[in-house]
Each structure stands twice: as structure tokens, then as C-alpha cells.
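The next block holds one structure in the form of C-alpha cells; read it before the comments.
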Amino acid sequence: MLEVCRAAGDEEGVSFWQWVLHLLDCAGHELMSDEEDITMVDKSIPGRVMTTPAKEVLVLKWRHTYLTKLFTFIDVTTGVEDMVFQRAGHSSLQRLCGGKESNWLPLTGCPKSFFNLLYLAKLTIPQKSALRMDESEFILRNFEGYLDG
15 MLEVCRAAGD
25 EEGVSFWQWV
35 LHLLDCAGHE
45 LMSDEEDITM
55 VDKSIPGRVM
65 TTPAKEVLVL
75 KWRHTYLTKL
85 FTFIDVTTGV
95 EDMVFQRAGH
105 SSLQRLCGGK
115 ESNWLPLTGC
125 PKSFFNLLYL
135 AKLTIPQKSA
145 LRMDESEFIL
155 RNFEGYLDG
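Taking the numbering used here, the leading residue of the sequence shown gets 15, the next gets one more, and so forth.
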């Protein structure tokens, strides 16, 4: 999307996608979604059962809800990008969001703004200390309405 924005002369878009890359550089891919392999069963054809591999997106209860919305937005935007570019290779698996919680441990060394405040409020002082939260502030940018133009 960064290249699409550059080609269109969209400076605001370039700034936003550079910020997204910086966010991912700071936190790594672990900040994104945890996924579990599942098999979808289609019984729509009487007498036949068809199965399809898929991914179930799991909820990271410790992650700030803003980041959950951001990564959903990025997934939608990636769909827009797929309309612009021809895709090569295997088709991606369908991703289903079911609300099931992940058992991934929270990241350590991240800014406090990456964490769900309700999750942090339930932790004991030693548990919070174990997170080794970075005291520097990482500002979360507004992205809502970006696709609306």
C-alpha cells in the first residue's frame, strides 16, 4: 500500500503506512494475530462433505483493542491491494474471526500503549514488572475512515 500511495501522490497515506511499518518494526509480528489451523466443513451438497483448510484468528486478550481494529483494517486494505495487483502463487487461506482467546503470552519490552488497559489493571505488580514495559510513548494514530477518502 505504501507504493500505491506514493504512486498516487497520497502523502497522508504514505505517512500512515510508514507509521504502520514502524509499529511492526517496534513490536514484530507477534503483535499481530495468533492463528490456528482449522478445517471448514461444507455440507451444502446433499450426500457430500467437502472440507477446506482455513485459519481461525484468535483474540490476544492482552493487546490493546485499537491494535485489533488496526490489523482488521490492514486485512481489509490488503484486500483492496489485491484488487490492484495480480496475485502469484498459492491462494491465501480464508481467515475466520470467532472470538476464541489465544494462549500466547504477552510481549515483553513493548510500550504500555500496546496493552489492553483492562488486562493491565488485573495484573499484580510482579506480573506488570515481568512485562518490562517500555516507558517511551508510542502514539497510536487514527485510521478510522481512511478508506472513505
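Note that CB positions come from ideal geometry on N, CA and C, so glycine has one too.
Legend entry - Other residues of its chain near V98: CB distance less than 8 angstroms, five sequence neighbours each side excluded: Walking along the sequence shown from the start, residue 98 turns up at place 84. With a pLDDT of 48 at V98, under the threshold of 50, the modelled position of this residue cannot be trusted; read the value that follows with caution. Closer than 8 angstroms at the Cβ level, and outside the excluded window around V98, lie V18.
Inset, instruction - Look at W31 and R155 and say whether their C-beta atoms are less than 8 angstroms apart. - result: The count along the sequence shown starts at 1 and reaches residue 31 at position 17. The count along the sequence shown starts at 1 and reaches residue 155 at position 141. No.
Legend entry - CB contact flag (I52, E70, <8 angstroms): Here residue 52 is taken as the residue at index 38 of the sequence shown, counted from 1. Here residue 70 is taken as the residue at index 56 of the sequence shown, counted from 1. For I52 and E70, yes; Cβs fall inside 8 angstroms.
Legend entry - Rounded Cβ spacing between F128 and L72 (contact assumed at less than 8 angstroms): Here residue 128 refers to the residue found at position 114 when the sequence shown is read from its first residue. Here residue 72 refers to the residue found at position 58 when the sequence shown is read from its first residue. Between L72 and F128 the Cβ distance is about 17 angstroms, and since that is not below 8 angstroms, they are no contact.
Legend entry - Spatial distance of G153 from H78 (CA atoms): As a working mapping, residue 153 is identified with position 139 in the sequence shown. As a working mapping, residue 78 is identified with position 64 in the sequence shown. The question names Gly, but residue 153 is Ile in the sequence shown. Roughly 12 angstroms between the two C-alpha positions.
Inset, instruction - Taking 8 angstroms as the cut-off, decide whether the C-beta atoms of P125 and E151 are in contact. - result: Within the sequence shown, the letter at position 111 stands for residue 125. Within the sequence shown, the letter at position 137 stands for residue 151. Cβ atoms of P125 and E151: closer than 8 angstroms.
Inset, instruction - Taking only the alpha-carbon atoms, compute the straight-line gap between L35 and V90 and give it to the nearest angstrom. - result: As a working note, residue 35 is residue 21 in the sequence shown. As a working note, residue 90 is residue 76 in the sequence shown. Their Cα atoms are separated by approximately 17 angstroms.
Inset, instruction - Report the residue from W76, V55 and I59 whose alpha carbon sits nearest the alpha carbon of L45. - result: For the purposes of this step, residue 45 is identified with residue 31 of the sequence shown, where counting begins at 1. L45 has its Cα closest to that of W76, out of W76, V55 and I59.
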